[in-house]
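In my numbering, the protein residues as written are 5 to 290. Have a look at the structure below, then the notes.
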Ligand SMILES: [Zn+2]
């Protein structure tokens, strides 16, 4: 009986919160999530104006400009206090963050976005294909792990493929790398590192990660989009790859050993992701 009444009350509260335009209560970390996702770590300067400010397992990058700072991803709600501490420890105030760029609308990358947006007053920019998901707090597409909702983002601006975003002396280009989500976006910027121009790619996720590839009713073009993204990532110039799961490019190890510049890495990652994707697709089709 108790379970039944709780089950009835929770959706009612959710509806009430939505009706009052209150942010939904943060979803507690599921026990199956990797613990490093919510383990804080100290900021780590990478190159040029870019500093890692995320947790051990979820990427958040701060870019300083002549007119304030840009944050790439806010990660999960639980991580917001630690990311804000990291930003402050670099001598910045939270309202120095003027823009937040989004990689894609999955709970592990945007669960803390609305809180970060309110705390900083920053403008949020995301790939157009993910804007509806961000506004409703409901991830796009169907997955094998069900629906992991996140706090809806009250204000978000959609960015088209190829569009440029500029703050002060820093400019980034949005490159749509859909499949993982319809609006999954990689952000590309030019950095001068020890006198040499380097193309830095904040790489959107390319993994299948539980996405339904066959008969995905909420994302019909998912297979075509993934394949277009692999082809695109294989061609994209990337001297430095900064992914939203740092271990995917061993960001900390490379920073330590001075090997962040790795022009073949993104192509290798895309080819490996393509192999995994095609194998998963065959298994789902069987
Ligand atoms: Zn994801």
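All residues carry an ideal CB built from backbone N, CA and C; glycine is no exception.
- CA-CA distance, residue 222 to residue 130, rounds to 19 Å.
- DSSP, read as helix, strand or coil, puts residue 231 in helix.
- The segment 181-192 makes contact with the segment 207-226, as at least three CB pairs between them are under 8 Å.
- A Cβ-Cβ contact shorter than 8 Å links residue 267 with residue 242.
- At least one heavy atom of ligand 1 sits closer than 7 Å to the Cβ of residue 213.
- For residue 110, the CB falls within less than 7 Å of some heavy atom of ligand 1.
- The three-state reading of DSSP puts residue 167 in coil, since its state is none of H, G, I, E or B.
- In the three-state reduction of the DSSP assignment, residue 210 falls in the coil class.
- With a cutoff of 7 Å, residue 209 counts as near ligand 1, since its C-beta is closer than that to a heavy atom of the ligand.
- Among the bridge pairs identified by DSSP, residue 131 is matched with 163.
- Taking a contact as a CB-CB distance under 8 Å, the pair residue 64 and residue 87 counts as one, their CB atoms being some 5 Å apart.
- Secondary structure of residue 215 (DSSP, three-state): strand.
- For residue 49, the shortest separation between its Cβ and any heavy atom of ligand 1 does not lie below 7 Å.
- No Cβ-Cβ contact shorter than 8 Å links residue 145 with residue 156.
- Within the segment 98-156, the complete alpha helix (DSSP H) runs of at least 4 residues fall at 111-114, 117-124 and 135-140.
- Shown here for residue 53: same chain residues with a beta carbon closer than 8 Å to its own, the five before and five after excluded, namely 67, 68, 69, 174 and 195 in chain order.
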